[in-house]
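> Supplied in structure tokens, the structure appears directly below.
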Amino acid sequence: MSFIEFILGVAALVSGIAVISFRNPLYSAFALVANLLTIAGLYALLNAHFLAVTQVVVYAGAIMVLVLFVLMLLNLKTEQGKQPGLAQLATAVVGGIVLIVTALPPVLSRFQGLSSHQLADNVRASEGTVQAIGQELYSHYTVQFELSSLVLLIGIVGAVMLAKRKQPQLGPRQGGLLKGE
């Protein structure tokens, strides 16, 4: 592992923790942008340049603009509330340990017995050009691709509905000046 990979990995970890630890949703969104950019850097170091550019343009660019638009539209303030108790913290830690213990054996068994040369050959065989990725996406994953566009359409409709929600009507004394004042 190179020094740059280590720095990007630590930055991705720190920004990921910052996403869930900030109480202000705007700060969490900016931490998520930092996380997405560090992941794009890791993709670039793995010679997956198409994925790196896609990560920056689609996720760090378009999706985060949409998230920030919704945050500004809803005018969310800093989350107020009590700190999590000891029982909630213990439940979260136990849940995380159970998740890791459950997910780790299948992952390790997948790579067990493979030499580093076999892994490198598998990576080279799966490397693709933009043309190969496009052919795979539009032939085998057409339904999933179209469903993702439907999810984006639902998000746009939801944002419009939130923007068009009825505001409470203010009386003449509450919201403005009366004639002669």
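Residue numbering for the sequence shown follows this note's numbering, starting at 1142 and increasing by one per position.
C-beta: ideal position from N, C-alpha, C; glycine also.
When the distance is taken between beta carbons, is Leu1183 closer than 8 Å to Glu1146?
Taking 8 Å as the Cβ cut-off, Glu1146 and Leu1183 qualify as a contacting pair.
> With a threshold of 16 other CB atoms inside 10 Å of the CB of Ile1180, please say whether the residue is buried or exposed.
So Ile1180 ends up on the buried side.
> Once you ignore the five residues that flank Val1160 on each side, which residues in its own chain have a CB closer than 8 Å to its CB?
So the qualifying residues of the chain are Ser1169, Ala1172, Leu1173 and Asn1176.
> Is it the case that the CB of Gln1253 approaches a heavy atom of the ligand MN more closely than 7 Å?
As far as ligands go, the structure on display features none, and thus does not contain the ligand MN.
> Looking at the structure shown, is Phe1163 part of a helix, part of a strand, or coil, going by DSSP?
The answer is coil: DSSP assigns Phe1163 none of H, G, I, E or B.
> In three-state DSSP terms, what is Ser1280?
Correct three-state label for Ser1280: helix.
> According to DSSP, is Gln1196 part of a helix, a strand, or is it coil?
DSSP places Gln1196 in helix when its eight states are reduced to three.
> Taking DSSP as the reference, what is the three-state secondary structure of Arg1306?
Arg1306 falls in the coil class under three-state DSSP.
> Going straight from the alpha carbon of Val1197 to that of Ala1304, what length do you get?
Cα to Cα, the separation comes out at about 27 Å.
> How many Å lie between Gly1248 and Val1301 at the Cα?
Note on residue identity: the sequence assigns Val, not Gly, to residue 1248. When rounded, the distance between both Cα atoms is 42 Å.
> Where do the N-terminal and C-terminal ends of the alpha helix (DSSP H) with Gln1354 fall, by residue?
A query on residue 1354 cannot be resolved here, the shown segment of the chain reaching from 1142 to 1322 and no further.
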